[in-house]
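Each residue of the sequence shown is one higher than the one before, starting from 2 at the first, in my numbering. Here a beta-carbon is modelled for each residue, glycine too, at the ideal position from N, C-alpha and C. These numbers come from a predicted model, not from an experiment. Please read the structure below before turning to the comments.
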Amino acid sequence: MPATSVIGKVAASIYVPLWHFTTEGIAEGYHHMSNWTEVGKRLANVLQSEVELPPIKIPDEFMGFEIFFQAADYQVKVLREIAKGEIDPLKQMVLSEEAAIWTAAYNDTTRYRWAQLGLPRL
Numbered sequence: 002m003p004a005t006s007v008i009g010k011v012a013a014s015i016y017v018p019l020w021h022f023t024t025e026g027i028a029e030g031y032h033h034m035s036n037w038t039e040v041g042k043r044l045a046n047v048l049q050s051e052v053e054l055p056p057i058k059i060p061d062e063f064m065g066f067e068i069f070f071q072a073a074d075y076q077v078k079v080l081r082e083i084a085k086g087e088i089d090p091l092k093q094m095v096l097s098e099e100a101a102i103w104t105a106a107y108n109d110t111t112r113y114r115w116a117q118l119g120l121p122r123l
């Protein structure tokens with residue numbers, strides 16, 4: 002799972018760049034959090050969605066095909082896991098719908114990119 006700062010933003014329905022769902026981004030998130038003092042970590046737990054994430058190294062639009070779709074798949078899995086753990090049924094429904102919307106958007110992007118590459122559709 003990504004660092005708690007990423008989880009907090011996803012749970013609050015705040016867009017998180019896909020880089021934070023790559024292996025490099027997850028490692029950087031934990032490294033970023035490990036540099037905080039104990040007081041900073043407690044404050045981050047209270048503020049969750051307000052915590053600043055480490056700077057991204059690759060914007061979504063510049064990610065290679067494989068990295069983009071691995072990160073996108075992982076982002077949706079994380080979103081679904083957060084939705085499952087949500088106590089508030091309304092928030093659970095919103096997060097589940099958000100996961101479905103992201104899945105549809107990524108599927109459309111996949112079809113478009115395959116077409117651009119001249120490859121058969123999935």
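For Asp89, the secondary structure class from DSSP, reduced to helix, strand or coil, is coil. Here DSSP, grouped into helix, strand and coil, assigns Thr23 to coil. When the five nearest sequence neighbours on each side are left out, the beta carbons in the same chain lying within less than 7 Å of the beta carbon of Val11 are those of Val17, Val79, Leu80 and Ile83, in order along the chain. Cβ neighbours of Gln93 within its own chain (closer than 6 Å, five residues either side excluded): Ala84 and Glu87.
The alpha-carbon of Tyr107 is positioned some 23 Å away from that of Leu54. As the crow flies, the alpha-carbon of Ala73 is around 25 Å from that of Ser35. If the five residues before and after Val7 are omitted, its C-beta is found closer than 7 Å to the C-beta atoms of Val17, His21, Gly30 and Leu54, all from its own chain and listed in chain order. Taken atom to atom, the span from the alpha-carbon of Pro60 to that of Glu98 is near 25 Å. Secondary structure of Ile15 (DSSP, three-state): coil. By the C-beta density criterion, Pro56 is exposed, having fewer than 16 other C-beta atoms within 10 angstroms.
By the beta-carbon neighbour count (other beta carbons within 10 angstroms, threshold 16), Pro3 is buried. If you draw a straight line from the Cα of Gln76 to the Cα of Phe66, it is about 15 Å long.
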